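Q:
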Amino acid sequence: QQQVKQSPQSLIVQKGGISIINCAYENTAFDYFPWYQQFPGKGPALLIAIRPDVSEKKEGRFTISFNKSAKQFSLHIMDSQPGDSATYFCAATYFSGTYKYIFGTGTRLKVLA
Amino acid sequence: NAGVTQTPKFQVLKTGQSMTLQCAQDMNHNSMYWYRQDPGMGLRLIYYSASEGTTDKGEVPNGYNVSRLNKREFSLRLESAAPSQTSVYFCASSEKGTAGGHYGYTFGSGTRLTVV
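First to last, the protein sequences are chains A and B.
Using the working numbering, you'd call the opening residue of the first sequence number 1090 and step up by one each time.
Using the working numbering, you'd call the opening residue of the second sequence number -4 and step up by one each time.
1) Taking C-beta to C-beta, are I1153/A and I1166/A nearer than 7 Å?
2) Count the other CB atoms within 10 Å of the CB of L1198/A; is the residue buried (16 or more) or exposed (fewer)?
3) Residues of chain B with a CB under 8 Å from the CB of K1146/A: which are they?
4) My parser needs the beta strand (DSSP E) runs of 3 or more residues fully inside the segment 1095 to 1161 of chain A; what are they?
5) Between the alpha carbons of Y100/B and F1128/A, how many angstroms are there, rounded?
6) Whose C-beta lies closer than 6 Å to the C-beta of A87/B among residues of the same chain, with five residues either side of it excluded?
7) Per the DSSP calculation, L38/B is bridged to which residue(s)?
8) Ordered along the chain, which non-local residues of its own chain (more than five positions away) have a Cβ less than 7 Å from that of H24/B?
9) Quick one: give me the first and last residue of the beta strand (DSSP E) that T0/B is part of.
10) With DSSP as the reference, label D51/B as helix, strand or coil.
11) Please list, in chain order, the chain B residues whose beta carbon lies closer than 7 Å to that of P1129/A.
12) Determine the extent of the beta strand (DSSP E) in which N65/B is found, giving its start and end residues.
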């Protein structure tokens, strides 16, 4: 119940294309769903996040789509660029004394020039 | 730059040796965390400290100990390193927003540890 399942494990997209990464969860206690972007040799950095009371959040070329009934959420990267090449982690979090995260296993995205 | 600072960046240990990974944050965050990152397994929580003076086990605490030295610093100790502890270790901090919301984790740049 504490798992967050992420797919695909790796993704190759042409420059200008749309990258889509999917995540699914079971625990309805999760109340915050962030996406993190990680470049090689760096720590993950918060990219965009959504709360379960909205179905979509957009920030620039990055959009989270959230389906509460299906317990699924996805990251869409529009007009993908080579600079977007990184590993992306979805996560789900709940508060119990502090914010506890359950991370997906990551998706390695490569955008071809 | 403001953020989370981890030291060292790289370390090679022999099996059975001990070491302490250091982490400090300058954002006045209450909560701090230690994660390990392994290929295909994402980030797994080792220990966390919800506030100064408290520490709790996470998902994979065996073989590790932690100390919340003060509000800024949170260290991770390997008492007797094993090859299974070869990993990249990340420290993170977070704070609850004034309206009860959450601003996400701020991660350090990691410590790459190899145990031979």
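Ideal Cβ positions, reconstructed from N, Cα and C, are used throughout, including at glycine.
Since this is a predicted model, take the numbers as computed values, not measurements.
A: Checking against the coordinates, here is how it stands:
1) Mapped onto the first sequence, residue 1153/A falls at position 64. Mapped onto the first sequence, residue 1166/A falls at position 77. Contact flag unset, no.
2) As a working mapping, residue 1198/A is identified with position 109 in the first sequence. Buried: at least 16 other Cβ atoms inside 10 Å.
3) In the first sequence, the residue the question calls residue 1146/A occupies position 57. Those within 8 Å of K1146/A in chain B number zero; the least Cβ separation is about 13 Å.
4) 1099 to 1103, 1108 to 1114, 1122 to 1127, 1134 to 1139, 1145 to 1148 and 1151 to 1156
5) In the second sequence, the residue the question calls residue 100/B occupies position 105. In the first sequence, the residue the question calls residue 1128/A occupies position 39. In a straight line, the C-alpha of Y100/B is about 16 Å away from that of F1128/A.
6) In the second sequence, the residue the question calls residue 87/B occupies position 92. If we look at A87/B and ignore the five residues flanking it on each side, its Cβ neighbours are Y28, Y100 and F102.
7) In the second sequence, counting from the first residue as 1, residue 38/B sits at position 43. Note: L38/B sits in a beta bridge opposite Q32/B.
8) On the second sequence, residue 24/B is found 29 positions in, with the first residue counted as 1. So the list reads S88, S89 and E90, once near-sequence residues are dropped.
9) What you label residue 0/B is simply residue 5 of the second sequence in a count that begins at 1. From DSSP, the beta strand (DSSP E) with T0/B extends over V(-1) to T2.
10) Counting from 1 along the second sequence, the entry for residue 51/B is found at position 56. Three-state result, D51/B: strand.
11) By 1-based counting over the first sequence, the position of residue 1129/A is 40. The contacting residues do not exist; P1129/A stays about 11 Å from chain B at best.
12) Counting from 1 along the second sequence, the entry for residue 65/B is found at position 70. It is not in any beta strand (DSSP E) - N65/B carries neither H nor E in the DSSP assignment.
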